[in-house]
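So the protein lines, in turn, are chains A, B, C and D.
1 is the number of the first residue of the first sequence in the numbering used here; add one for each residue after it.
424 is the number of the first residue of the second sequence in the numbering used here; add one for each residue after it.
847 is the number of the first residue of the third sequence in the numbering used here; add one for each residue after it.
1270 is the number of the first residue of the fourth sequence in the numbering used here; add one for each residue after it.
Number of protein chains: 4
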Amino acid sequence: MATIANSVAHPTVVSADPFVPAREQKNLHNRWHPDIPAIATVKPGQVFNVECVDWTGAQIGNNDTSDDIRDIDLTSVHNLSGPIAVEGAEPGDCLVVDILDVRPFDKMPWGYTGIFELENGGGLFAREFQSRAAKAIWDFKGVYATSRHIPGVRFAGVSHPGLIGTAPSAELLATWNKREGALIEAHANAVPPVAYGPLVPGAYVGQDLPNDLRAKIYREGARTIPGREHGGNCDIKNLSRGSRCYFPVFVKGANLSVGDLHFSQGDGELSFCGAIEMAGIVTFSTSIIKGGVEKFAMRQPIFLPSPVDPLYSAKLIFQGISVDYHGDGTQYNMDASVTVAYKQAALNAIAYLMKIGYTREQAYLLLSAAPVESHIGAIVDSPNACVTLGLPLGIFEHDILPKDEGLKKLEFGQCAVRSDGVL
Amino acid sequence: MATIANSVAHPTVVSADPFVPAREQKNLHNRWHPDIPAIATVKPGQVFNVECVDWTGAQIGNNDTSDDIRDIDLTSVHNLSGPIAVEGAEPGDCLVVDILDVRPFDKMPWGYTGIFELENGGGLFAREFQSRAAKAIWDFKGVYATSRHIPGVRFAGVSHPGLIGTAPSAELLATWNKREGALIEAHANAVPPVAYGPLVPGAYVGQDLPNDLRAKIYREGARTIPGREHGGNCDIKNLSRGSRCYFPVFVKGANLSVGDLHFSQGDGELSFCGAIEMAGIVTFSTSIIKGGVEKFAMRQPIFLPSPVDPLYSAKLIFQGISVDYHGDGTQYNMDASVTVAYKQAALNAIAYLMKIGYTREQAYLLLSAAPVESHIGAIVDSPNACVTLGLPLGIFEHDILPKDEGLKKLEFGQCAVRSDGVL
Amino acid sequence: MATIANSVAHPTVVSADPFVPAREQKNLHNRWHPDIPAIATVKPGQVFNVECVDWTGAQIGNNDTSDDIRDIDLTSVHNLSGPIAVEGAEPGDCLVVDILDVRPFDKMPWGYTGIFELENGGGLFAREFQSRAAKAIWDFKGVYATSRHIPGVRFAGVSHPGLIGTAPSAELLATWNKREGALIEAHANAVPPVAYGPLVPGAYVGQDLPNDLRAKIYREGARTIPGREHGGNCDIKNLSRGSRCYFPVFVKGANLSVGDLHFSQGDGELSFCGAIEMAGIVTFSTSIIKGGVEKFAMRQPIFLPSPVDPLYSAKLIFQGISVDYHGDGTQYNMDASVTVAYKQAALNAIAYLMKIGYTREQAYLLLSAAPVESHIGAIVDSPNACVTLGLPLGIFEHDILPKDEGLKKLEFGQCAVRSDGVL
Amino acid sequence: MATIANSVAHPTVVSADPFVPAREQKNLHNRWHPDIPAIATVKPGQVFNVECVDWTGAQIGNNDTSDDIRDIDLTSVHNLSGPIAVEGAEPGDCLVVDILDVRPFDKMPWGYTGIFELENGGGLFAREFQSRAAKAIWDFKGVYATSRHIPGVRFAGVSHPGLIGTAPSAELLATWNKREGALIEAHANAVPPVAYGPLVPGAYVGQDLPNDLRAKIYREGARTIPGREHGGNCDIKNLSRGSRCYFPVFVKGANLSVGDLHFSQGDGELSFCGAIEMAGIVTFSTSIIKGGVEKFAMRQPIFLPSPVDPLYSAKLIFQGISVDYHGDGTQYNMDASVTVAYKQAALNAIAYLMKIGYTREQAYLLLSAAPVESHIGAIVDSPNACVTLGLPLGIFEHDILPKDEGLKKLEFGQCAVRSDGVL
């Protein structure tokens, strides 16, 4: 019949199985290195799909305890799909990547947000809260997520890849390793560590490789934790479906890798595993601007946000300054203090959410996962930075605005905690 | 006739003259102290106007050199209108302040954005740029601002008081002075200083006061530079006309003060005198929620943004990480690095703007003054924070998007600089 | 001092007194005619103010009965400020008008919305409701309006001139009079009339004119009720402060006139006097595009909406189709049915608002005055058009969403009605 | 492994094949009748998928001529999936339907917009343009659509079911047939017809039914062309993925049917086949509010729009009034004139688009398919209604704003036309 003619699905150039441990799968890797060969090549203008496992590579279950979060192996995250070469891309070019869609697998319509243990993963309030593992499972219902572990909210996902980047050149990789190595050396005994250097245990490239090449990649390959000049783990919630991102190209083919998909995330992704982590499918198309790095003075990716990001215009906004008034009252100075200010804003929001019935763990998870907006207000008014954190009102089933009579405290239970009950 | 009956203008409870030096005027003050008497009292529900001088108290002129910026006396800023007591407000209450309007005086339809000298005022890039004084004058045309010193842009103002707060209690003031004093002591020789302690020279309260009271206020009064638990100089652009702010009350009457009006500002207010600074009129109404501090777990103000904030949905977004790649390449660690990341994002934007023809000074001023949005992306991905800075496309008269052929460099001249030409 | 230098207020090129009957004032007129001389001339690029009386010319009072609405003289509305000539504008050009601001007089911080009597003014539901005069007074509080006659709502104004246009050429005026005359002739006995032809009684031009010229203008001048090719009474709420409008020019100088200012209005302005009518000040600037009519294929103005229009993204949307199911159940056909569909949508919204406690009159006034959005859904699905009417949730102090337990009926009193109590 | 446990895809309760003619498939129907048995039953709260063919049931191909549009059989459209019963729903209840997602089949990533022949289908400008068949094929690229037949635009879909409704009761069906029958009788010879009565030829219910029941349904069943009190073919673009719709229930189980999916549509869907028509999958969940019809005074569905509707805030807005100035210049009166006004606004936009290089057919298709917003401005200013049509600027690859130098005319070719070349 008529409609069948010329109906051709967009090709899937990288396949992955969300139910199989990442280390048993082809096409994945978890280190950045210029010598990881591309596993697929696409042409500019082509629309294609890339399948991704969740960032832990199938370690977390859809259940009601946080034991899997407690016991997670973090040496082998993040599991990235790729690299994907783009025909014609050369160092110095700008690779334009249209993130056309980001969605979960139909067969896995759920994701999770976790709070890590202080000693295994940490998170923004790991020390303040002496964090024990906790978790919320989110059910995906079309554009929305809800959680049996955090009742009373429903929100549309600002779905995005938490981690996306081009491959570094050998020179750029060396720069990373040098500067991060210096930092590690300067803070040798920090807990948690200030940075993560190359590490052979846990390293993985799901390809057939000569042994010496594999050894070199594992030995030199940069860890995936931080974002860097090539993009990487930037965890920018607005790099979402519908956005257009301009990446600098450092190696022939650009060699794009992607993973750590998020159904949703708040600015800052507080609890580290704070987005709604999911496995899923990204749809891309690409184009190349020759010499774009120079043309646009690019030192890091730039992007255009999506017109379909969720619009929750009404917000309740909390502020924070560079004084640890939720802790010991220390006054920080400007250079060190945006993080302190951000923490106070978040702690103010958590205190407010507890007034309406959420536990501290639920509030922490919610601020991490929901489309919370965090702006830098003042950054030049010494000694206090002022940071704001905006809670969208439209995600709550109840009216949470300040009222003359105070806030109504409801019963929302608790999120998933450890089977031994330790909080 | 019909319309005249019952037509009553909203009263102006604080008058100020934008053309007279602040120190020659009543009703202004420039220190925070619980003992500064209220100069006016309003009833809850009443709509009233408050007139404000610009933050420098008439030191800056509508001209084409930046000599006045170079020579500015910063000991006597910010000049605040107030305090204004609200009937019935008591410590522990929440003072609800509706910021109903913020507008310039009809007779002064212009404002300014300045870059201070490294040695007199500084700013986010004072050291990087070895800043010399520069300035842009902005003409107010209804809801819009344009500048002869930064051609090619026009934007709607997100007009707000940069500085608004309730009076501290004696106890709270003591806390401030203690913690900030400790910081100053710990960085005794920092240039610029890490914080600013009480300072008698420059202190001002435009009221008839007993000498000993005046002396006490001048000796103990907190400086107005940073935002604190009572609000203060938070420079939050979205605390704009149409917003509703909830303040904690620390003294009987609440004693609200306001000043440092901004016609517009970008997140962060980079250049310190970075907003479009103006004199003008704020329209308020207030109400009181008894015991609100406890009811809402308030440690700092919370607020609801305005439905009439300018909507520029299309943006070009720059990223930054905690590596000083525009400088010496140093890798910073997480706790100290949001500021570094923010700087890189801003420097990336400045580099881009220079590609389309703006000078570095113009770009710096523009990012400070235009409704730029800065979000904290990732704050838990050690060692790099990732901060984004979004440049609204709708403020430019020309299409500034990346193009295959590169960016078209136009001629925009230069902002106002020193009469001796030093940059 | 510094700030006073070069501080020059924008000039007011047309003055008006909101408290004086229009017919006693210079600078106003209430007919469209090419021969009305310009009362002021401006240069392209100049920013200038125009003062306007309310559309009735001071007939309505800030009180609690609707007798003034009942007794209104409609022959002499709308009272327009102008005409204002723009140097260099010629027929065939496009006059670009920046509506930079629209605001009430400080001395008259209130406006009104009225329901006219069936026999004197009518309105969309004049016949259905057998309308008797009713009224709501709105208090302006900065960007917001509230009404003692319609408690429970507060909204930001999408302030705009209901009526703005360039002067018609003699030829265009003749076309209007001919085509409207034909319509009137075809419906000679319609109540209310289908259109309003030139009418000497009530005509007014507040200038010294030769008698014969005045007589000609009064005899031929087009009434101001409908919008036409030159703009006119289009009552487009989004032609608001911050918008840019492109007008075709029909006479030398363009001869712009403006009036019928609205603090706010819903799409459709249902009750005819349905906006929040106000006196006030418009700030303009203009420019000219030579030959713009041909360049842009203009048959009527085009415009760019404002970035500061109130953003109320959450809405409750009602639908209507071309069946008078609130009346006799008649099925209309497509060509005649968008109005019918619109009425059903509005009646559905009114019925809903009555469930939460508003009277029919309050609901009718509220839909007219609040920033209600009305879209044409389907216009090609014979026989039913489908029209939607969206009620912004953010304007209500209470949650009005559908709930399992039904809607909570509150007590909102009644709007202002006739002193004889007739409804 | 962990992730596989408890991973359960949402069930598909209605299957359909987009490549098979509708009449050869189970589960579809194309008439409204209370006696069509439900083909599936769902529980309140359950998330489920419904597959839909395109509205023509596979008659249109992905090719470059419009012959299939020309030859379309319109007696058997629209092909709906359902009915679906919801457990516990009874007449008088309100059925809450969450439209959680609307997306194309992966295997059919394209859709179409058509202009029908004057004699076979028509459309808003069928007579004005003496329409011959034309077509644009749209490629779906994640959230975006582009067309080789209308180059230079790309936009995010506001994807929605054009047609969704609950089954009518016997009484409601009788009302429809009576009132529409009366209209048809009154305009017996209209071309195109003013309405479409029950028609046995083309009627279809894809179920095994007793012959007499089938005959009764075919004989009495209401056609699907117009929207009615139960919803139906309302073609409301904002009833999109993420919206929540409240339907009145007329029969036990509510019996929801859905079809005519649109990837995108402009307000009004001008060309009748004007949306981007697609086959695809809708994800729903439902709940029931007992007695909701009375509780909410429902005469027709009400709904809450989605937070993920595309946000294109910058627009170029065209106006239209009730004068056929693109035709014979006739002045229409108010009751009959919103359609006339809407047409003028659309014709003004088409004329503008032709200035930048689109053909009339391309412009007509684009206004139908893109997220164009059409508001009713004034509806009470006799004799002219004023309607606006807003063209989102962000969908164009080029800057289309009015410029001093006029508009740049580009070369965009032509859409798909008949193989015989007749336009």
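Positions of the beta carbon are idealized from the N, C-alpha and C atoms, including for glycine.
Between A369 of chain A and I236 of chain A the beta-carbon gap is near 15 Å, outside 8 Å, which marks them as no contact. A check of alpha carbon separations from V1346 of chain D across D:L1662, D:L1530, D:L1525 and D:V1412 identifies D:L1530 as the nearest.
The CB of D1578 of chain D never comes closer than 7 Å to any CB in chain B; the least such distance is about 12 Å. Within 10 angstroms of the beta-carbon of V323 of chain A lie 16 or more other beta-carbons, which makes it buried. Cβ-Cβ distances below 6 Å link V1463 of chain D to L1452 and H1456 in the same chain, with the five nearest sequence neighbours on each side left out; the list follows chain order. Sequence-distant Cβ neighbours of R1401 of chain D in its own chain, meaning closer than 7 Å and more than five residues away, are E1386, R1687, V1691 and L1692. Chain C has no Cβ within less than 8 Å of the Cβ of S306 of chain A.
Think of a sphere of 7 Å around the beta carbon of D420 of chain A: no beta carbon from chain C falls inside it, the nearest being about 39 Å out.
Where G259 of chain A is concerned, the enclosing beta strand (DSSP E) starts and stops at L256 to S264. In the three-state reduction of the DSSP assignment, N472 of chain B falls in the strand class. When DSSP assignments are scanned along the stretch 1556-1642 of chain D, the uninterrupted stretches of alpha helix (DSSP H) that are 4 or more residues long and fall wholly within it turn out to be 1561-1564, 1607-1624 and 1629-1638. Against chain B, a Cβ distance below 9 Å from G1088 of chain C picks out G565, V566, Y567, A579 and P733. Judged by their CB atoms, N255 of chain A and A363 of chain A are not nearer to each other than the 8 Å cut-off.
The criterion of a C-beta distance shorter than 8 Å is satisfied by S1512 of chain D and S1575 of chain D. Looking from the CA of H1076 of chain C, the closest CA among D:V1427, D:V1412 and D:C1655 belongs to D:C1655. If only uninterrupted alpha helix (DSSP H) runs of at least 4 residues are considered, those enclosed by the stretch 1295-1381 of chain D are 1336-1339. Pairing V705 of chain B with V465 of chain B gives a Cβ-Cβ distance that is not under 8 Å. At a beta-carbon threshold of 8 Å, none of the residues of chain C lie near H1531 of chain D; the nearest stands roughly 11 Å away. In terms of Cα proximity to G1549 of chain D, the closest of D:G1626, D:E1630 and D:G1528 is D:G1528. Close to chain C, meaning a Cβ-Cβ distance shorter than 9 Å, is no residue of the stretch 602-632 of chain B at all. In the structure shown, G1690 of chain D adopts coil according to DSSP, grouped into three states.
DSSP places F1288 of chain D in the coil class of the three-state scheme, outside both helix and strand. In this structure, G575 of chain B keeps its C-beta atom at 8 Å or more from the C-beta atom of N600 of chain B.
Contact of D399 of chain A with chain C by beta-carbon distance below 7 Å involves D1245.
Here K1255 of chain C is exposed: its Cβ has fewer than 16 other Cβ atoms, across all protein chains shown, within 10 Å. Assigned with DSSP and collapsed to three states, K1404 of chain D falls in strand.
Distance from the CA of D947 of chain C to the CA of S853 of chain C, rounded to the nearest whole angstrom, comes to 19 Å. Between G1392 of chain D and F1541 of chain D, the gap from beta carbon to beta carbon is short of 8 Å.
If you look at L964 of chain C, you'll find it isn't in any beta strand (DSSP E); DSSP assigns it neither H nor E. The beta carbon of Q892 of chain C sits closer than 7 Å to the beta carbons of S1131 from its chain, once the five residues preceding and following it are set aside; these are given in chain order. Using a Cβ-Cβ cut-off of 8 Å, S285 of chain A counts as an interface residue toward chain D, since at least one Cβ of chain D sits closer than that to its own. At a cut-off of 8 Å between beta carbons, C1655 of chain D contacts chain C.
Look at G1003 of chain C here: in three-state DSSP terms it is coil, with no helix or strand label. Secondary structure of R550 of chain B (DSSP, three-state): helix.
Shown here, K826 of chain B sits in coil according to DSSP, grouped into three states, outside any helix or strand. The beta carbons of S1015 of chain C and F1096 of chain C sit about 4 Å from each other, so the pair counts as a contact at 8 Å.
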